[in-house]
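In order, the protein sequences belong to chains A and B.
Counted the way this note's numbering counts, the first sequence spans residues 3 to 288.
Counted the way this note's numbering counts, the second sequence spans residues 23 to 257.
Written below as C-alpha cells is the structure these notes are about.
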Amino acid sequence: MIELINSIVQGILIGGLYALFAAGLSLVFGIMRIVNLSHGDLIVLGSFLAFFTVSTLTVPLWLMVVIIPLAMGVIGYAIQRSLLNKTIGPDVLPPLLITFGLSIILQNGLLQIFTADNRKLDFGAIEVMSVEIGGIAMGWYAILIFLIAVTVITGLQFISYHTRLGRLLRATTDDPEIAKLMGVKTEHIFAIAMAIAMIICGIAAILFAAWTSFTPLSGPSRLLIAFEVVVIGGIGSIWGTLVGGIILGVAQALGGYFDPAWQTLAGHIVFVIILVLRPIFVKGFR
Amino acid sequence: MSFLKISKLNAFYGDFQALFDISICLYEGQKIALIGPNGAGKSTLLRSIAGWLPVPRKAVKYNKRNIGGLPANDVVSLGIASVPEGRRLFPSLSVKENLQMGQESGRKGVWSQDKVMQIFPVLRERLYHLGSELSGGQQQMVAIGRALMSNPRIVLFDELSLGLAPKVVNEIAKAIPDIQKSGVSIIFVEQDVRRALRLSDYVYCILEGRINLQGQSKNITFEDVEAAFWGQKND
Ligand SMILES: Nc1ncnc2c1ncn2[C@@H]1O[C@H](COP(=O)(O)OP(=O)(O)OP(=O)(O)O)[C@@H](O)[C@H]1O
Ligand SMILES: [Mg+2]
C-alpha cells in the first residue's frame, strides 16, 4: 500500500516537469495558433546546450542554469521573428510544415554534433537524496522539480494577469488583427511569446536532462508528453497544464507500479480516455 | 487644405476588386458620412486607410505624408484610430484593459480613462467586467473610448448604430460634440441615411465600390440618396 502511495506521489512530482514541457506549447498555440512540432526537439536542444556548457565549456552549474534558459529565450525570439512569423496566416499548413522541417533539422544537426550516445546531466548528491514523510520517501530532486514547476506556472499566471505584457499577450490571443489596429507590434508580441515558451523549455530541458538520459532523438517523445498534457489540461489554460501534467504523471506512475512495461502506455490510455470523455462531461449526458 | 486625402484608391481582396478609383477629402474638424448598401465597400475604404489592406503608398495622404499601406500599428500612432465594424472588443480583457489597449499607440493627449467615463458614465460601474459581458451599446462605447484613448486626430468609425436601440444611439451621438472638441475629425459609416445626413457635414454614397453621389450634407436629401442607391441618374 505504502508503495502505491509512493508511486502516486512520485507521479505528482514528475507531473510538474510535464507541465513545464506543456506550458510553452500551450502558450504558443494559444497566441499564434501554431502547433510547434519542433517543441520537443527544442527541449532536447536545450538539454544538449546545458550538457555542452557544463561538460565541455566547464561552466559552473549555477551559471549554466541561468544562461541556458536565457539563451533558449533568445533562440525562440529569433526563430519566431525570422521564420515562424512568415508562416502565420489563415492557412494552418505552413507552420506545421516549417516546424516539422525544423524538427528534422534539429534532430540531424544534434546527431552530427553530439552523436547518438546517451547523455545525462550530473547534479550530484541531490539526485539521490530523499526525505521520508509519514513513511513515504520523496526524492529531493523530484520535490525540487515540482517546486520549480509550480513557481514557473505561478509566474506565468502573474505575468498574464498583472502586467502590461500579459495584457498585450491576452489581447493578441483574442484578436491579433485588432491588437495591431491599436498599435501593438504583433510580430514582436508573437516573438516574445515564443521567447517565454523557450525560456520555460530551457528550464524543463535542464531539469529533465538530470532526471533521465537523452539522445538527439528524444524530442518526439517530449513533444508527445507536452501535447497530451495540453489536451488533458485544456488548451490555453495555464493552471490546466499543471493539472494535466499531474494527471499524466500519476497515470504513468500507476501503470509502472503494476507493470514497468505499462508506464508509458498507461499515460497514453488515460489521455485517450480523457479525450473521448471530455466532450461528454462538458456537454452533459443527454 | 485637406488633412486626409484619398486619391484614386483601388483596393483588392486577392483578385477581387472592392474599390475603384475612390477619391475623398477630409478637412480638419469635419465629419464625413459614408453610406451605401451592404457590400458596397464602405468598410473596405476604412480598412484601406487604417492599414489593414495593402494599398499603394500614394493613395492615402495624411498631413503631407503618403501613408497608404503602412502597417496598422504605424497608422494609429500617426493619429488615425478605428472603431472597427462589429466593435471587436477583446473578449477576455476587462473594460479597463480594453481601454488601456487604446494607449498602445503611445500618443499623448487629453484622453484618459476618466475622460471616457465622463462622456459615457454608464461604463463606470462596468470597468472590471469583461468586454464580452456588456450590452451592445456599452460595447460600442468601449470601442469608441478605446479609439479615443489613442488621442487621435481622425477616428474611422464603422457602423455607428448597427444593432443598437435608438435610445442608445442617441446617447452615443450626444458624445460626438465632446469628441470633436478634443480636435478629432470623423469619418463614419452609417446605415440609417437620415441619421447619416443629420450627423455629418459632408457625405459620400458608395455603390459597388464607386462613389456615385457626394456633397454637403445640408444640400443632399434622402431622396437624392435613394436615387443614387437605385443607380439612377442624379442631377
Ligand atoms: N475579407 C474579405 N475577403 C474577400 N472579399 C471581401 C472581404 N471583405 C469584404 N469583401 C468583399 O468586398 C466587398 C465590399 O465589402 P465591405 O465589407 O467593404 O462592404 P460594406 O460596404 O462595408 O458592407 P456592409 O454594409 O455589409 O458592412 C463585398 O463584395 C465583400 O463581399
Ligand atoms: Mg461594412
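Cβ coordinates follow ideal geometry from the N, Cα and C atoms, glycine included.
message: Distance cutoff 8 Å, beta carbons only. Does Met184/A sit that close to anything in chain E?
response: Considering every chain present, this structure includes no chain E. Its protein chains are A and B.
message: Can you list, in chain order, the residues of its chain with a C-beta nearer than 6 Å to that of Gly73/B? Leave out the 5 residues immediately preceding and following it.
response: To locate residue 73/B, count along the second sequence from 1; it is residue 51. Result list for Gly73/B: Leu92, Pro93, Ala94 and Val97, in chain order.
query: Would a C-beta distance cut-off of 8 Å place Gly185/B and Gly167/B closer than the cut-off?
result: Taking the second sequence and counting its residues from 1, one reaches residue 185/B at position 163. Taking the second sequence and counting its residues from 1, one reaches residue 167/B at position 145. The Cβ atoms of Gly185/B and Gly167/B lie no closer than 8 Å to each other.
message: Can you confirm whether Gln122/B, when its beta carbon is compared against all beta carbons of chain A, has any partner nearer than 8 Å?
response: Taking the first residue of the second sequence as position 1, residue 122/B is located at position 100. Judged by the 8 Å Cβ criterion, Gln122/B is in contact with chain A.
- prompt: Whose Cβ in chain B lies nearer than 7 Å to the Cβ of Lys187/A?
  reply: Here residue 187/A is taken as the residue at index 185 of the first sequence, counted from 1. The answer, in chain order, is Asn95.
query: Among Arg129/B, Leu182/B, Ile89/B and Pro76/B, which residue has its Cα nearest to the Cα of Arg175/B?
result: Residue 175/B sits at position 153 when you count from the first residue of the second sequence. The candidate whose alpha carbon is nearest that of Arg175/B is Arg129/B.
Entirely enclosed alpha helix (DSSP H) segments - the stretch 54-100 of chain A, minimum 4 residues: 63-84
message: Helix, strand or coil, according to DSSP, for Tyr226/B in the structure here?
response: Stepping through the second sequence from its first residue, residue 226/B is reached at position 204. Note: Tyr226/B maps to strand in three-state DSSP.
task: Could you tell me which of Ile107/A, Val46/A and Val232/A sits nearest to Glu120/A, measuring between CA atoms?
output: The residue you call residue 120/A lines up with position 118 of the first sequence. Per the sequence shown, residue 120/A should be read as Asn rather than Glu. Taking only the C-alpha atoms, the option nearest Asn120/A is Val46/A.
- request: Can you grab the Cα-Cα spacing for the pair Ala253/A / Gln265/A, in whole Å?
  value: Mapped onto the first sequence, residue 253/A falls at position 251. Mapped onto the first sequence, residue 265/A falls at position 263. So the two alpha carbons sit approximately 8 Å from each other.
Any chain B beta carbon closer than 8 Å to Ile180/A: Here residue 180/A corresponds to residue number 178 of the first sequence, with the count starting at 1. It does: the Cβ of Ile180/A has a partner Cβ on chain B nearer than 8 Å.
query: Can you name the residues of chain A whose CB is closer than 7 Å to the CB of Ala195/B?
result: Locating residue 195/B in the second sequence gives position 173, counting from the first residue. Within chain A, no residue comes near Ala195/B; the closest Cβ sits about 23 Å away, beyond 7 Å.
query: Is DSSP giving Asn120/B helix, strand or coil here?
result: The residue given as residue 120/B occupies position 98 in the second sequence. It is helical.
field: Distance cut-off 7 Å: Asp180/B Cβ against heavy atoms of ligand 2
entry: To locate residue 180/B, count along the second sequence from 1; it is residue 158. Yes, ligand 2 has a heavy atom inside 7 Å of this Cβ.
query: What is the rounded straight-line gap between the Cα of Arg288/A and the Cα of Leu277/A?
result: In the first sequence, counting from the first residue as 1, residue 288/A sits at position 286. In the first sequence, counting from the first residue as 1, residue 277/A sits at position 275. For Arg288/A, the pLDDT reaches just 39, beneath the cut-off of 50, and the residue's location in the model is therefore unreliable, leaving the point undetermined.
Span separating the alpha-carbon of Phe229/A from that of Glu179/A: As a first step, residue 229/A is located in the first sequence; it is residue number 227 there, counting from the start. As a first step, residue 179/A is located in the first sequence; it is residue number 177 there, counting from the start. Computed Cα separation, rounded: 27 Å.
field: Inter-residue spacing [alpha-carbon to alpha-carbon] between Tyr259/A and Glu147/B
entry: Your numbering for residue 259/A matches position 257 in the first sequence. Your numbering for residue 147/B matches position 125 in the second sequence. Rounded to whole angstroms, Tyr259/A to Glu147/B spans 55 Å at the Cα level.
- prompt: Taking just the CA atoms, how far does Thr243/B sit from Asn256/B?
  reply: Position 234 of the second sequence, counted from the start, is the residue given in the question as residue 256/B. Position 221 of the second sequence, counted from the start, is the residue given in the question as residue 243/B. Confidence in Asn256/B is poor, its pLDDT being 45 and thus under 50, which makes the residue's placement unreliable; the coordinate value appears in the next sentence. Spanning the alpha carbons of Asn256/B and Thr243/B requires a straight line of approximately 12 Å.
- request: Flag this pair as yes or no: are the beta carbons of Pro222/A and Phe116/A separated by less than 8 Å?
  value: Taking the first residue of the first sequence as 1, we reach residue 222/A at position 220. Taking the first residue of the first sequence as 1, we reach residue 116/A at position 114. Cβ distance not < 8 Å, so Pro222/A and Phe116/A don't count as in contact.
task: Have a look at Leu68/B, Leu229/B, Lys83/B and Gln52/B and flag the residue whose alpha-carbon is nearest the alpha-carbon of Glu21/B.
output: No statement about residue 21/B is possible, as the shown extent of chain B runs from 23 to 257 and does not include it.
- request: Report yes or no: do the stretch 208-218 of chain A and the stretch 131-149 of chain A share at least 3 C-beta pairs separated by less than 8 Å?
  value: yes
message: Would Arg346/A pass as an interface residue toward chain B - the criterion being a Cβ-Cβ separation below 8 Å?
response: Only positions 3 to 288 of chain A appear in this structure, which leaves residue 346/A out of reach.
query: Taking DSSP as the reference, what is the three-state secondary structure of Lys196/B?
result: Position 174 of the second sequence, counting from 1, holds the residue named residue 196/B. Three-state DSSP puts Lys196/B in a helix.
field: Residue nearest to Ser1/A in terms of C-alpha spacing, selected from Phe53/A, Ile191/A, Met140/A and Lys187/A
entry: Residue 1/A is absent from the model: chain A starts at 3 and stops at 288.
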